[in-house]
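Notes for the one structure printed next.
Protein chains: 6
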Amino acid sequence: MNNVVIENIVRADKAVTDAFASFGVATVHEAQGRRGLLASCMRPIYPGAHIAGSAVTVSIPPADNWMIHVAVEQCQDGDILVVAPTSPSDAGYFGELLASSLLFRGVRGLVIDAGCRDIRALEELGFPVWSKAVCAQGTVKETLGSVNVPVVCAGALINPGDIIIADDDGVVVVRRDEAEEVLQKTRAREEKENQTRARLKAGELGLDIYDMRDKLRNKGLKYRS
Amino acid sequence: MNNVVIENIVRADKAVTDAFASFGVATVHEAQGRRGLLASCMRPIYPGAHIAGSAVTVSIPPADNWMIHVAVEQCQDGDILVVAPTSPSDAGYFGELLASSLLFRGVRGLVIDAGCRDIRALEELGFPVWSKAVCAQGTVKETLGSVNVPVVCAGALINPGDIIIADDDGVVVVRRDEAEEVLQKTRAREEKENQTRARLKAGELGLDIYDMRDKLRNKGLKYRS
Amino acid sequence: MNNVVIENIVRADKAVTDAFASFGVATVHEAQGRRGLLASCMRPIYPGAHIAGSAVTVSIPPADNWMIHVAVEQCQDGDILVVAPTSPSDAGYFGELLASSLLFRGVRGLVIDAGCRDIRALEELGFPVWSKAVCAQGTVKETLGSVNVPVVCAGALINPGDIIIADDDGVVVVRRDEAEEVLQKTRAREEKENQTRARLKAGELGLDIYDMRDKLRNKGLKYRS
Amino acid sequence: MNNVVIENIVRADKAVTDAFASFGVATVHEAQGRRGLLASCMRPIYPGAHIAGSAVTVSIPPADNWMIHVAVEQCQDGDILVVAPTSPSDAGYFGELLASSLLFRGVRGLVIDAGCRDIRALEELGFPVWSKAVCAQGTVKETLGSVNVPVVCAGALINPGDIIIADDDGVVVVRRDEAEEVLQKTRAREEKENQTRARLKAGELGLDIYDMRDKLRNKGLKYRS
Amino acid sequence: MNNVVIENIVRADKAVTDAFASFGVATVHEAQGRRGLLASCMRPIYPGAHIAGSAVTVSIPPADNWMIHVAVEQCQDGDILVVAPTSPSDAGYFGELLASSLLFRGVRGLVIDAGCRDIRALEELGFPVWSKAVCAQGTVKETLGSVNVPVVCAGALINPGDIIIADDDGVVVVRRDEAEEVLQKTRAREEKENQTRARLKAGELGLDIYDMRDKLRNKGLKYRS
Amino acid sequence: MNNVVIENIVRADKAVTDAFASFGVATVHEAQGRRGLLASCMRPIYPGAHIAGSAVTVSIPPADNWMIHVAVEQCQDGDILVVAPTSPSDAGYFGELLASSLLFRGVRGLVIDAGCRDIRALEELGFPVWSKAVCAQGTVKETLGSVNVPVVCAGALINPGDIIIADDDGVVVVRRDEAEEVLQKTRAREEKENQTRARLKAGELGLDIYDMRDKLRNKGLKYRS
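Heads up: the protein sequence lines correspond to chains A, B, C, D, E and F, in order. When we follow the numbering used here, the leftmost residue of the first sequence carries the number 14, and every step to the right adds one. When we follow the numbering used here, the leftmost residue of the second sequence carries the number 14, and every step to the right adds one. When we follow the numbering used here, the leftmost residue of the third sequence carries the number 14, and every step to the right adds one. When we follow the numbering used here, the leftmost residue of the fourth sequence carries the number 14, and every step to the right adds one. When we follow the numbering used here, the leftmost residue of the fifth sequence carries the number 14, and every step to the right adds one. When we follow the numbering used here, the leftmost residue of the sixth sequence carries the number 14, and every step to the right adds one.
What follows is the structure in structure tokens.
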């Protein structure tokens, strides 16, 4: 399935997608059984952004950003663009002009397993990007790729319409058909963590809260002075 | 000496330890003969933190943070937790909940040769971390390690009770039994640098201040137009 | 041409050099035919700096910063110091004291394919550095190198007197004898991008602005639902 | 779908699978439209091995090889074991003992996005491994994973029953349901390359064989002396 | 303890040291509780070497090999030279001439957390080296270091007189005062592995030999078709 | 000077060029003052090759090998092809077919700051390659570059007609107009090393041969037991 653009993909319920923006990437990742995390080389170009949205995916050649122009037209309000080169590249596929175009359509950010440029302008625009490099190197527009096909981005499989959550810790993907279940588990985990946090702040030890002392002793842990 | 927790370690004099917080990592490193620096991959998760404290060390399996929970109980006011996996790992061993627990006990920060998560929350809490990665990936609690044994962390040997100084330039360790001597040398170096700085700001050249011109000529340096 | 200091190098017209500071690194790099970019490992030690200046180059041994002291004397108002080790090094060649000396002479910043230290002080001084590492590790003063000879810095050839432009996206070099021509092309590109930006912000698609649809179809791109 | 072993997976026709062993990884990768290549960090532990087989996949925790023991039982003659950690690890998950067990069952080799050990013994046994590291570091047996679920291994999606081809150039995956079509395309490409090779060896130029001169001129290539 | 040469270090019993050469690095590492392994970037410059010997350690500046010349005089029959720069370096500290000198004294090999050159000549001489790089870059002879002090080499603490074992899997260190105990444990492990190997070759499964099935079921592993 | 092919470049005297093949890369690099070495990531695809030749240079886009086909026509007997992408790429630009074409013309090998494939076939053909990656990933033929312009390859400036020497230690470049002088210095160094080697093999110490003891003492080296 090369050189194809899939139009009118199915997205998750918007309310469900939006609700994920209240939760950290680490919490969602834990809640769904420690799955779906992108590699830790994916860093935000500026601190403080925290978004959730529906993935529009782009499979793209190395150092060629033509298909991003094609993908823009497929984006709508609430989407996050996800770009994965077919072989490794740090080139600067994306900058201020493409961001202006995506912002008009309501796109919330970009996740790209490659480089990004114009990062000061992007911060001023308020368009967050998670990338593995900041690089001014331009790209060509010569070779096709595909839009809205499944891609492997920074080590994680992402399908069009999956939910992406990104914050200062990184990026996680939630399968579209598991979205509601994962949201519930995320809320439950957050609530539980709130309770634990209160106890830890009051000075209780994790050793006691999680009841670890016996298990540690049985494994053979010794204390000495 | 595996799977052991050493309690009641000896720490350096608190006044000496605290005094190091006034000096940069580079200055301390120079003052003690360019020893004790951790690898430059150890970066702060947010800029501006500058701490000194007494090391509580953790030797820990890859992608398993159980022993950090054990270590919390061994920490006291003025400590810095130092965590070194027994094989390389970028996983997110540490986040907001553990930080809340350490803050209650007066711990000043974390140095970890692995990953850290919840970095926005950690900045809001004012709990600084020096790590080699930011990574939301969770860890298990299955395998023992040791607390307060000597560890190699980011290429440097750290004993429990050694003094750790960390700032935007990185992390340096000072041996407990050399602390006072190194503090004196650090103060002397700082004072000397203050004098040099004043002369450089006034336009004198290092070539003249350090009397380098003859040595350069003798080594064979040539000037041409 | 080892162990030599070339004095009184020819610099580009100051007005031309200064004019480049209004344009981003990505724009200049594009305008001169995608040439002259330094490797993307060269990152600013703090965000927001944007400078242009005339290169004073230093070819320097690994972990030895003696020649930087020699180079300071060759610098004048409007210069940027460019330092390239003869074999790879992350050591901290440069810190606050050298910056104080360079600031007195009107130097605008440092580009170094190695490490830098005292980064908080450098930010407070307003002396920007682009480096591949932040590292407190000190260097020796034992071995000669050369000043104002052509160097390869982070993969790019830089001659003394070439123009350096650096911002949050990285660093680009413009040949001295091409400076006016590249400046004109940069201005033209900037103007064209301003027009495109306005159209993109108004919702026009790159697909239409750049007239891509036919070319994509001819290459074989297919649309499906 | 965590912590599950899928038994009795569907494999491709054995004759088709075996036929791929006659073709290089580069040829297969080209024949299927430049898809399916694993990252180039996957290197053979000794030169000269060239295998094709049916993938048995293992999703496994970092530094924990328990699930490989589980996977052995699911392997049969003609299989290749594919192991992907859920977070990055260079630990030595695999050595001579596991190889002995797999050899008994007719397994042809291992592809692991982590470390491997006992490499001299593995070469003597004739059991080839493609890994991203050679590392003696042992692993634990504490945490579950899954066998025969889709995995992302070294950046490529691999389903159980897909065909793996590996040689000195690296590793490529062919989807099970595309196997016959890709085999035909591979044979066609090989035949065409044989013809081209003969012409190139006889001194004809690729410029002429592929009829590139006009296209180059039209793109603007200039010749000068 | 800078710039010092410790003479007449205590070495382990030669028979004990030599006995380790019969066992692989992975086996020794396991037998002593998974401790003492050097980082996996330490690779042999040619395959097939397998040595054990007594460590003579060198703490050395980056890109300066003067202290290796000093260390040669401290070496005797059965030693292995261990070299650790005080800051990271890939330079080629070591080549054929130094190897000739060490061979005369009966030194068995070199472990260096830096670069090595003349690798074809070294293979012809039969002088094995484990290094993190092959690099022809020369080094200077300007700055002192120390011989026979504790060093951190590739992430592992090595004391003079400790036993080094190195093979195609990497390098491991055994403490001098634990040598006999570790040797016994290594022999025991080897014997046990021989028995297991025989059973695995005969087709028994690790699942059964190690009695894993109940433990897996209790942890929650599910089988499905 | 983009998109241009320079024909009929000037090469060094063939006898001089050929004479360099008798000397190791490390020796030549030392003899010319430790200049001209390519980065140590440039490794031979098989051990044992040792060549010298005249550089034909190619500046080439990332993941696009069109210009290599153009360059073949510019090659003649005794040349070495040198390929440098304009932005980093590990793609497999080069394989058996291009090697067949170059072998017909008497080209001695390839130096490429990118990936190479078909490495088993290349070894069988006896066509050596120094590259930074082995990678089966194919490249496109869409974008122009230049042939026989100065390039930066793996950190070293290489002009067309410069002399390249490559062996198991890496790759070094000698300027065409310095070739005879460097050859003489190389021969002198080799002769001196032969004498030193004989003395070292007979048991003399470098400390004495190079008369280092006084200099070490003056620098402050201490001996202790």
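Quick reminder that beta carbons are idealized off the backbone N, C-alpha and C, glycines included.
- Residue 122 of chain B is a Cβ neighbour of residue 142 of chain B, given a cutoff of 9 Å.
- A distance of 9 Å or more separates the beta carbons of residue 38 of chain F and residue 69 of chain F.
- The bridge partners DSSP lists for residue 226 of chain A come to none.
- Of all C-beta pairs linking the segment 62-78 of chain E to the segment 158-166 of chain E, three or more are shorter than 8 Å, placing the two stretches in contact.
- In this structure, the beta-carbon distance from residue 102 of chain E to residue 75 of chain C falls below 9 Å.
- Judged by DSSP in its simplified three-state form, residue 51 of chain E adopts coil rather than helix or strand.
- If you ignore the 5 residues before and after residue 191 of chain C, its C-beta comes within less than 8 Å of the C-beta of 45, all in its own chain and listed in chain order.
- Close to residue 117 of chain A, with beta-carbon spacing below 8 Å, are these residues of chain C in chain order: 213, 214, 215 and 216.
- The DSSP-derived three-state label of residue 107 of chain B is strand.
- Within the DSSP bridge table, the entry for residue 146 of chain A names A:128 as partners.
- Residues of chain A with a Cβ closer than 8 Å to the Cβ of residue 157 of chain B are, in chain order, 229, 232, 233 and 234.
- Here the segment 19-38 of chain F lies against the segment 171-191 of chain F, with 3 or more beta-carbon pairs under 8 Å apart.
- In the structure shown, the three-state DSSP call for residue 214 of chain B is helix.
- Between residue 196 of chain B and chain C, the shortest Cβ-Cβ separation is not below 9 Å.
- In the DSSP annotation of this structure, the continuous segment of the beta strand (DSSP E) that includes residue 70 of chain A starts and ends at 64-73.
- Leaving aside the five residues that flank residue 79 of chain E on each side, the residues in its chain whose CB is nearer than 6 Å to its CB run, in chain order, 154.
- In the structure shown, the three-state DSSP call for residue 112 of chain F is helix.
- For residue 218 of chain A against residue 114 of chain B, the beta-carbon gap comes to about 7 Å, under 8 Å, which counts as contact.
- The Cβ atoms of residue 181 of chain D and residue 63 of chain D lie closer than 9 Å to each other.
- A distance below 8 Å between beta-carbons, with the five flanking residues on each side excluded, links residue 40 of chain F to the following residues of its chain, in chain order: 199, 202, 203 and 206.
- Nearest to residue 108 of chain D by alpha-carbon distance, out of D:186, D:127 and D:98, is D:127.
- As DSSP reads the structure, residue 187 of chain F sits in a beta bridge with F:176.
- Using a CB distance cut-off of 9 Å, residue 54 of chain A does not count as an interface residue toward chain C.
- Between residue 77 of chain F and residue 106 of chain A, the alpha-carbon positions lie close to 16 Å from each other.
- At a cut-off of 9 Å, the C-beta of residue 47 of chain A has a neighbouring C-beta in chain B.
- Taking 9 Å as the cut-off, the Cβ atoms of residue 84 of chain C and residue 100 of chain E do not count as close.
- Counting of Cβ neighbours within 10 angstroms places residue 179 of chain F among the buried residues, the total reaching 16 or more.
- For residue 102 of chain C, a Cβ of chain E is located within less than 9 Å of the residue's own Cβ.
- The continuous beta strand (DSSP E) containing residue 235 of chain E extends over residues 235-237.
- Residues of the segment 111-139 of chain E with a C-beta atom less than 8 Å from some C-beta of chain C do not occur.
- DSSP links residue 92 of chain A through a beta bridge to A:67.
- For the segment 150-180 of chain B, the set of residues with a beta-carbon nearer than 8 Å to any beta-carbon of chain D comprises 150, 153, 155 and 156, in chain order.
- Within chain D, the C-beta atoms nearer than 8 Å to that of residue 15 of chain A come from 46 and 48, in chain order.
- At the C-beta level, residue 91 of chain B and residue 30 of chain B come within 9 Å of one another.
- For the C-beta of residue 40 of chain A, not a single chain D residue is nearer than 7 Å; the gap to the nearest is close to 17 Å.
- Sequence-distant Cβ neighbours of residue 196 of chain A in its own chain, meaning closer than 7 Å and more than five residues away, are 29, 32 and 33.
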